[in-house]
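Written below as structure tokens is the structure these notes are about.
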Amino acid sequence: MIPLHYAPEVEAAQAASTPVVALESTIITHGMPYPQNVETARKVEQTIRDQGATPATIAVIAGQLHIGLTSDELETLGQAKDVAKLSRADMAACIATGGTGATTVAATMIAARLAGIEVFATGGIGGVHRGAENSFDISADLQELSQTAVTVVAAGAKAILDLPKTLEVLETLGVPVIAYGQDTLPAFWSRESDLAAPLRMDDAASIAKAHRMRAALGLPGGQLVANPIPAFAEIPAATLAPIIAQALQEAEEQGIDGKSVTPFLLGRIFELTNGASLDANIALVLNNARLAAEIAQNLTQIGAN
Numbered sequence: 686m687i688p689l690h691y692a693p694e695v696e697a698a699q700a701a702s703t704p705v706v707a708l709e710s711t712i713i714t715h716g717m718p719y720p721q722n723v724e725t726a727r728k729v730e731q732t733i734r735d736q737g738a739t740p741a742t743i744a745v746i747a748g749q750l751h752i753g754l755t756s757d758e759l760e761t762l763g764q765a766k767d768v769a770k771l772s773r774a775d776m777a778a779c780i781a782t783g784g785t786g787a788t789t790v791a792a793t794m795i796a797a798r799l800a801g802i803e804v805f806a807t808g809g810i811g812g813v814h815r816g817a818e819n820s821f822d823i824s825a826d827l828q829e830l831s832q833t834a835v836t837v838v839a840a841g842a843k844a845i846l847d848l849p850k851t852l853e854v855l856e857t858l859g860v861p862v863i864a865y866g867q868d869t870l871p872a873f874w875s876r877e878s879d880l881a882a883p884l885r886m887d888d889a890a891s892i893a894k895a896h897r898m899r900a901a902l903g904l905p906g907g908q909l910v911a912n913p914i915p916a917f918a919e920i921p922a923a924t925l926a927p928i929i930a931q932a933l934q935e936a937e938e939q940g941i942d943g944k945s946v947t948p949f950l951l952g953r954i955f956e957l958t959n960g961a962s963l964d965a966n967i968a969l970v971l972n973n974a975r976l977a978a979e980i981a982q983n984l985t986q987i988g989a990n
């Protein structure tokens with residue numbers, strides 16, 4: 686039996702058939718320092734509540750898969766040390782051995798599906814790392830999007846990745862990539878890239894209808910909604926390019942690989958932008974939470990699959 690543990694708020698929302706939005710937890714444990722990580726997580730959750738939905742932050746705590754966290758649990762997780770970073774490959778092992786871990790995009794999607802949650806808000810998805818033609822370093826997030834029926838709202842893939850290759854893999858896997866309100870794909874900290882969006886939708890209702898239609902057609906997998914960062918918070922791609930290049934070079938020189946790459950790069954970019962990247966990250970996550978809540982509301986109005 687899967688040890689699902691529902692927060693009272695989430696349990697009540699599901700009993701009342703009101704919208705719920707899943708949230709990942711690696712942004713808390715691996716994305717920001719304490720106490721800013723907890724403060725941001727609380728802001729994201731409150732943003733979802735303000736939009737008429739219920740937040741469900743996902744994490745594994747002492748072998749229990751938590752669907753939503755209480756205030757005390759969120760505080761404890763935000764201060765915890767040596768928390769595992771969980772994806773599809775190691776999530777089951779962490780639960781089975783009574784461990785504690787924060788969920789990536791892939792693991793959060795799995796948990797959301799188990800809990801009957803159809804929409805998930807995050808910052809940026811993982812993807813194809815630069816130099817993947819040699820390292821074969823490709824995030825499990827992409828495969829998860831192709832097989833787990835959850836609509837994921839993100840500001841695109843993280844800008845440290847190879848964005849053209851990431852888009853190509855998503856296309857190969859049959860994942861709908863929907864730019865929200867524009868014709869080009871956003872690039873995480875930047876509103877636009879030079880990549881044309883495969884699909885464009887301008888309202889949450891259309892995204893919700895597409896989610897339902899995929900189920901009706903019997904198509905596996907979810908949707909990626911690429912929601913551009915608010916204009917006031919963006920960092921132009923031209924400004925970021927040399928900073929990302931420097932961080933990548935440092936990672937290579939220090940022999941950093943695997944799951945350690947992304948946290949290292951994000952940390953160095955934070956330092957090299959004098960904190961601007963973290964401010965942008967917070968703004969885009971809040972923006973994604975708002976859109977995800979609106980999509981969840983529309984799904985509830987349409988009715989169950």
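Following the working numbering, the residues of the sequence shown are numbered contiguously, the last one being 990. Glycine included, each C-beta is placed from N, C-alpha and C at the ideal position. Fair warning: this is a prediction, and the values are worked out from it, not measured in the lab.
Quick one: using the 10 Å Cβ neighbour count with 16 as the cut-off for buried, is residue i buried or exposed?
| i | result |
| --- | --- |
| Tyr-719 | exposed |
| Lys-843 | buried |
| Ser-756 | exposed |
| Leu-708 | buried |
| Phe-821 | exposed |
| Thr-851 | buried |
| Pro-861 | buried |
| Asp-879 | exposed |
| Asp-767 | exposed |
| Thr-714 | buried |
| Gln-931 | exposed |
Please state whether DSSP places residue i in a helix, a strand or coil.
| i | result |
| --- | --- |
| Ile-795 | helix |
| Ala-806 | strand |
| Gly-811 | coil |
| Leu-880 | coil |
| Leu-957 | helix |
| Thr-947 | helix |
| Gly-952 | helix |
| Ala-692 | coil |
| Thr-782 | coil |
| Gln-982 | helix |
| Gln-832 | helix |
| Ile-987 | helix |
| Gln-939 | coil |
Using alpha carbons as the reference points, say which of the options lies closest to residue i.
| i | options | result |
| --- | --- | --- |
| Thr-782 | Leu-750, Thr-742, Leu-708, Thr-789 | Leu-750 |
| Val-910 | Gly-903, Leu-759, Gly-859, Thr-836 | Thr-836 |
| Asp-887 | Val-695, Gln-867, Leu-762, Gly-753 | Gln-867 |
| Ala-840 | Ile-743, Glu-709, Glu-877 | Glu-877 |
| Lys-770 | Ser-756, Ala-792, Gly-763 | Ala-792 |
| Ile-687 | Ala-918, Pro-883, Val-745 | Val-745 |
| Arg-899 | Ser-831, Gln-934, Asn-972, Gln-721 | Ser-831 |
| Thr-789 | Glu-803, Gly-812, Ala-800, Gly-801 | Gly-812 |
| Trp-874 | Pro-915, Ile-823, Ile-752 | Pro-915 |
| Asn-983 | Gln-736, Ala-930, Val-723 | Gln-736 |
| Ile-712 | Thr-958, Asn-912, Val-729, Ile-980 | Val-729 |
| Thr-833 | Lys-850, Ala-864, Ala-796, Ile-810 | Ala-796 |
| Leu-957 | Ser-945, Leu-933, Glu-938 | Leu-933 |
| Gly-906 | Gln-931, Thr-947, Glu-856 | Glu-856 |
| Gly-943 | Ser-702, Gln-908, His-814 | His-814 |
| Thr-742 | Gly-784, His-690, Met-717 | His-690 |
| Thr-732 | Leu-976, Gln-986, Ile-987 | Leu-976 |
| Ala-881 | Ser-891, Ala-864, Asn-722 | Ala-864 |
| Gly-784 | Asp-775, Ala-747, Arg-953 | Ala-747 |
| Gly-716 | Leu-858, Glu-694, Pro-913, Gly-763 | Gly-763 |
| Pro-883 | Ala-893, Val-695, Pro-871, Ala-890 | Pro-871 |
| Gly-988 | Arg-953, Thr-703, Asn-722 | Thr-703 |
| Glu-818 | Asp-847, Ala-974, Ala-800, Asp-826 | Asp-847 |
| Glu-696 | Arg-885, Leu-754, Val-804 | Leu-754 |
| Ala-893 | Arg-734, Ser-772, Ala-978, Glu-724 | Ala-978 |
| Ala-922 | Ala-965, Glu-937, Ile-941 | Ala-965 |
| Ala-787 | Thr-924, Val-804, Pro-927, Ile-752 | Ile-752 |
| Ala-889 | Asp-775, Leu-827, Gln-986, Ala-936 | Gln-986 |
| Leu-759 | Glu-935, Arg-727, Ala-700, Ala-968 | Arg-727 |
| Gln-828 | Glu-919, Thr-947, Arg-773, Ala-926 | Arg-773 |
Per DSSP, which residues does residue i bridge with? Please list them.
| i | result |
| --- | --- |
| Leu-909 | Val-837, Val-862 |
| Pro-849 | In DSSP, Pro-849 forms no bridge with anything. |
| Ile-823 | Val-813 |
| Leu-969 | Answer is none; Leu-969 lacks a bridge partner. |
| Ala-872 | Ser-875 |
| Ala-842 | Ile-810 |
| Ala-787 | Ala-744, Lys-770 |
Point to revise | Uninterrupted alpha helix (DSSP H) stretches inside the stretch 885-931 (no shorter than 4 residues) | key: 889-901
Practice item. Return the chain-ordered ranges of every beta strand (DSSP E) run that is complete within the stretch 697-775 and spans a minimum of 3 residues. Key: 705-708, 739-746, 749-752, 769-771
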